[in-house]
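When we follow the working numbering, the leftmost residue of the sequence shown carries the number 1346, and every step to the right adds one.
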Amino acid sequence: MIEDKNPKRTPLSELGEFKLIEHLTEHFKITQKSTIKGIGDDAAVLDYGKKQVVVSTDLLVEGIHFDLSYVPLKHLGYKSVMVNLSDIYAMNATATQVTVSIAVSNRFPLEALEELYAGITTAAEIYNVDVVGGDTTSSTSGLIISVTAIGEVESDKAVLRSGAQPNDLLVVSGDLGGAYMGLQVLEREKEVFKVNPQSQPDLSMYTYIIERQLKPEARKDIIELLKQLEVKPTSMIDISDGLSSEIIHLCKQSKVGADVYENKIPLDPQVISTCEEFEIDSTTIALNGGEDYELLMTISQEDYPKIKGNPNLTVIGYIAEESRGMHLVTRAEEKIPIIAKGWNALNNQA
Ligand code: ADP
Ligand code: MG
């Protein structure tokens, strides 16, 4: 499905490990004050002064987390940085550096890795982080990418999962379910393509949800918005596995319960129409579909006037005492317990 724009295929064996690393990394510049030494020594040297440092790692494995038959390598590079930056922003921190480690089989030519690194470079430039190191090794089959993101936060500003209090508002950024429905469309087109490789799918009615799946954006803008509004959430988490499982994480760690209103959950019209087409319930998708990389937070009632009417933030419910449990209040005003169905990379992906 992805046309090969770059037909040249240079075997990695032609370069060897050191030339390959040099080739992939020589263009990375240092822009962060905290980066003292980046790529090129045994370790990077970072200095955050009085700030606290936050660190997060993710591992992406071909065949488990991504399928190269419809994921362009450039998008994969971009997304592998995004999923990590999202974790840094979920701490209310600013991302400053990443390291990128890859394991590749000889199935990949140099040009494929150049594409991957083009995506990584774009992400680093747009989100203003330095690439300060990594590791490169071989793999017998697929591609494995591990990114570690590092960020900084003033010592009283870090937001944990554990700070939610009864009566706080439950707030979500953006809209939900898009990335999962984008994946459904891509999987369907892959099946069509297997049967008829000549088919040229018209995906124009799915552009938003496909972009949500292939090229997600971490919500750096929301962290900046909260700062500008002078709102410090009482707790926060990024939505990588689906709203229900993130609500459960927040509530368990904060020892509270919650009521979430079905009619408040923000959905893009394209998510609603694609759910209708696939005959799936859009609320189920918003609750259990993964990879939206929005932020779920709790905000004290006092701060409500500051966020009221902001198109980027939606109040979807309230925090309650732990003994009240966690519930979805449906449009029919029924209360259904929230359970962790979640989106599980171990059994839900091709
Ligand atoms: P070492 O033998 O100490 O592991 P390497 O030769 O693997 O050193 O790496 C040399 C430099 O290049 C180091 O600064 C390392 O962090 C960086 N590096 C290695 N692989 C990558 C990669 N895939 N992406 C970014 N930087 C890398
Ligand atoms: Mg190494």
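Backbone N, C-alpha and C define an ideal beta-carbon position, used for all residues, glycine too.
Per-residue DSSP class, three states only, for ARG1354: Along the sequence shown, one-based indexing puts residue 1354 at 9. Looking at ARG1354 - three-state DSSP - the assignment turns out to be coil, as it is neither helix nor strand.
Can you tell me the Cβ-Cβ gap for GLU1362 and THR1481, rounded? I've got them flagged as a contact below 8 Å. Residue 1362 sits at position 17 when you count from the first residue of the sequence shown. Residue 1481 sits at position 136 when you count from the first residue of the sequence shown. That belief holds up - the Cβ atoms of GLU1362 and THR1481 are roughly 6 Å apart, short of 8 Å.
So is ALA1438 in contact with chain D if we call contact Cβ pairs under 9 Å? The chain inventory of the structure shown lacks chain D, comprising one protein chain alone.
Which stretch, first to last residue, makes up the alpha helix (DSSP H) that contains ASP1294? This structure gives no information on residue 1294, because the portion of the chain shown stretches from 1346 to 1695.
One question on the structure: do PRO1417 and GLU1460 come within less than 9 Å of each other, judged by their Cβ atoms? Numbered from 1 along the sequence shown, position 72 holds the residue referred to as residue 1417. Numbered from 1 along the sequence shown, position 115 holds the residue referred to as residue 1460. Yes, the Cβ-Cβ distance between PRO1417 and GLU1460 is below 9 Å.
Buried or exposed for ALA1677, please, with buried defined as at least 16 other CB atoms from any protein chain shown within 10 angstroms of its CB. Translated into the one-based positions of the sequence shown, residue 1677 becomes position 332. That one is exposed.
Does the beta-carbon distance from ILE1582 to ALA1389 come in below 9 Å? Taking the sequence shown and counting its residues from 1, one reaches residue 1582 at position 237. Taking the sequence shown and counting its residues from 1, one reaches residue 1389 at position 44. No, the pair does not count as a contact, with Cβ atoms beyond the cut-off.
For the ligand ADP, any of its heavy atoms closer than 8 Å to the Cβ of ILE1681? Counted from its first residue, the sequence shown places residue 1681 at position 336. Answer for ILE1681: no, Cβ out of range of the ligand ADP.
How about LYS1516 and THR1628: do their beta carbons lie closer than 9 Å? Translated into positions along the sequence shown, residue 1516 becomes position 171. Translated into positions along the sequence shown, residue 1628 becomes position 283. The sequence given here places Val at residue 1516; Lys does not occur at that position. Their beta carbons are not under 9 Å apart, which means VAL1516 does not touch THR1628 by this criterion.
Using 9 Å as the threshold, is the C-beta distance between LEU1632 and LYS1597 below it? For the purposes of this step, residue 1632 is taken as the residue at position 287 of the sequence shown. For the purposes of this step, residue 1597 is taken as the residue at position 252 of the sequence shown. No, the pair does not count as a contact, with Cβ atoms beyond the cut-off.
Is ASP1480 a contact residue of the ligand ADP, with contact defined as CB to any heavy atom under 8 Å? Locating residue 1480 in the sequence shown gives position 135, where the first residue counts as 1. At least one heavy atom of the ligand ADP is nearer than 8 Å to the Cβ of ASP1480, so yes.
Is any heavy atom in the ligand ADP found nearer than 8 Å to the beta carbon of THR1380? Position 35 of the sequence shown holds residue 1380. False, no ligand heavy atom lies under 8 Å from that Cβ.
Is it a yes or a no for the segment 1519–1536 touching the segment 1446–1462, going by three-plus beta-carbon pairs under 8 Å? no
Smallest Cα separation from GLY1696: which of ILE1554, LEU1531, GLY1496, SER1500? In the structure as shown, the chain starts at 1346 and stops at 1695, and residue 1696 therefore has no counterpart that could be examined.
With a threshold of 8 Å (Cβ to nearest heavy atom), would ILE1384 be considered close to the ligand ADP? For the purposes of this step, residue 1384 is identified with residue 39 of the sequence shown, where counting begins at 1. For the ligand ADP, at least one heavy atom lies less than 8 Å from the Cβ of ILE1384.
Does the beta-carbon distance from GLY1383 to VAL1477 come in below 9 Å? By 1-based counting over the sequence shown, the position of residue 1383 is 38. By 1-based counting over the sequence shown, the position of residue 1477 is 132. Yes. Within cutoff.
In this structure, does DSSP put ILE1625 in helix, strand or coil? What you label residue 1625 is simply residue 280 of the sequence shown in a count that begins at 1. ILE1625: coil per DSSP, three-state reduction.
Using 10 angstroms around the beta-carbon of PHE1411, count the other beta-carbons present and answer buried if the total reaches 16, otherwise exposed. Residue mapping note: residue 1411 aligns to position 66 of the sequence shown, counting from 1. PHE1411 counts as buried, since no fewer than 16 other beta carbons sit within 10 angstroms of its beta carbon.
Through-space distance from PHE1538 to LYS1364, alpha-carbon basis: As a first step, residue 1364 is located in the sequence shown; it is residue number 19 there, counting from the start. As a first step, residue 1538 is located in the sequence shown; it is residue number 193 there, counting from the start. LYS1364 and PHE1538: Cα-Cα distance of roughly 37 Å.
Restricting to Cα atoms, I'd like to know which of ASP1604, GLY1408, LYS1577 is closest to LEU1645. On the sequence shown, position 300 is the one that residue 1645 refers to. What sits at residue 1645 in the sequence shown is Ser, not Leu. The option with the nearest alpha carbon to SER1645 is LYS1577.
Below 8 Å, is the gap between the Cβ of ALA1389 and the nearest heavy atom of the ligand ADP? Counting from one through the sequence shown, the residue named residue 1389 turns up at place 44. Checking every heavy atom of the ligand ADP against the Cβ of ALA1389, one is found closer than 8 Å.
Nearest to SER1446 by alpha carbon, out of LEU1455, SER1425, ALA1440, GLU1456? What you label residue 1446 is simply residue 101 of the sequence shown in a count that begins at 1. Closest option to SER1446, Cα to Cα, is SER1425.
Candidates LEU1521, SER1580, ASP1637, of which the one nearest LYS1609 by Cα: For this step, residue 1609 is matched to residue 264 along the sequence shown. Checked all of LEU1521, SER1580, ASP1637; the closest Cα to LYS1609 is LEU1521.
Can you list, in chain order, the residues of its chain whose CB lies under 6 Å from that of ILE1681, leaving out five sequence neighbours each side? Counting from one through the sequence shown, the residue named residue 1681 turns up at place 336. Counting only Cβ-Cβ distances below 6 Å, and skipping sequence neighbours, we find LEU1673.
What I want to know is whether the C-beta of PHE1363 ends up closer than 8 Å to one or more non-hydrogen atoms of the ligand ADP. Counting from 1 along the sequence shown, the entry for residue 1363 is found at position 18. Yes - the ligand ADP has a heavy atom lying nearer than 8 Å to the Cβ of PHE1363.
ARG1506 burial status per 10 Å Cβ neighbour count (16 or more: buried): As a position in the sequence shown, residue 1506 is number 161, starting the count at 1. When all chains shown are included, ARG1506 counts as buried.
Spatial neighbours of GLU1407 within its chain, please: CB distance less than 6 Å, with the 5 preceding and 5 following residues excluded, ordered by chain position. On the sequence shown, residue 1407 is found 62 positions in, with the first residue counted as 1. Same-chain partners within the cutoff: GLY1487, LEU1488.
State the Cα-Cα distance for the pair SER1483 and TYR1423, rounded to the nearest angstrom. Here residue 1483 refers to the residue found at position 138 when the sequence shown is read from its first residue. Here residue 1423 refers to the residue found at position 78 when the sequence shown is read from its first residue. Using only the alpha carbons, I get a separation of about 21 Å.
Suppose the cutoff is 8 Å on Cβ atoms and the five residues either side in sequence are ignored; what does the same chain contact list for LEU1413 look like? For the purposes of this step, residue 1413 is taken as residue 68 along the sequence shown, with counting starting at 1. Non-local C-beta neighbours of LEU1413 in its own chain, meaning closer than 8 Å and more than five positions away in sequence, comprise GLU1407, LEU1421, LEU1488, ordered along the chain.
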